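Chemist: Right, I'll just put the structure down here and ask away after.
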Amino acid sequence: MIKQEKGQQVEVDLGDIEGVYSNLAIITHSPAEFIVDFCRMLPGMKKAKVKSRVIMTPQHAKLLLMALRDNIEKFENQFGEIKLSAEQERNIGFKRD
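Be aware that the sequence shown starts at 1382, since it is given in our numbering, and climbs by one per residue.
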């Protein structure tokens, strides 16, 4: 896979990569970095298990936000609006500090 970023081409090797399912993300930050813990929470359980942790600079976190916004807009243009329930809109499943 080749991704273009500001005129640069980066080849990404997806050889042995495995996907990680997450239905809960906890985001924290310090002046130097953003930490996103991707967790899986089973119905009826009170504990979630962190499956993956991503640590990035504030600049890369902002670039990720911009890329997500762009891709969500493209997705909704193609497939329709992503609907959230009232419960989901109260931050259940994704926590913002």
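C-beta atoms are modelled at their ideal positions from N, C-alpha and C, and glycine is treated no differently.
None of the values given here were measured: they were computed from a predicted structure.
Kindly identify the DSSP beta-bridge partner or partners of Arg1421.
Modeler: For the purposes of this step, residue 1421 is taken as the residue at position 40 of the sequence shown. Bridge partners of Arg1421: Lys1430.
Chemist: In the DSSP assignment, what are the bridge partners of Leu1405?
Modeler: Within the sequence shown, the letter at position 24 stands for residue 1405. Its beta-bridge partners are Cys1420.
Chemist: List the residues that DSSP assigns as beta-bridge partners of Met1437.
Modeler: Within the sequence shown, the letter at position 56 stands for residue 1437. Looking at the DSSP assignment, Met1437 forms a beta bridge with Phe1415.
Chemist: Cα-Cα, which of Ala1442, Ile1398, Val1393, Gly1461 is closest to Val1417?
Modeler: Numbered from 1 along the sequence shown, position 36 holds the residue referred to as residue 1417. Minimum Cα distance to Val1417 is reached at Ala1442.
Chemist: How would you label Ile1383, buried or exposed, when you count the other beta carbons within 10 angstroms and need 16 or more for buried?
Modeler: Mapped onto the sequence shown, residue 1383 falls at position 2. For Ile1383, the predicted structure reports a pLDDT of 45, less than 50, and the residue's modelled location is therefore unreliable. A value from the coordinates is still provided. That one is exposed.
Chemist: What does a CB cutoff of less than 6 Å around Arg1434 pick up in its chain, not counting 5 residues either side in sequence?
Modeler: Here residue 1434 corresponds to residue number 53 of the sequence shown, with the count starting at 1. These residues qualify, in order along the chain: Asp1418.
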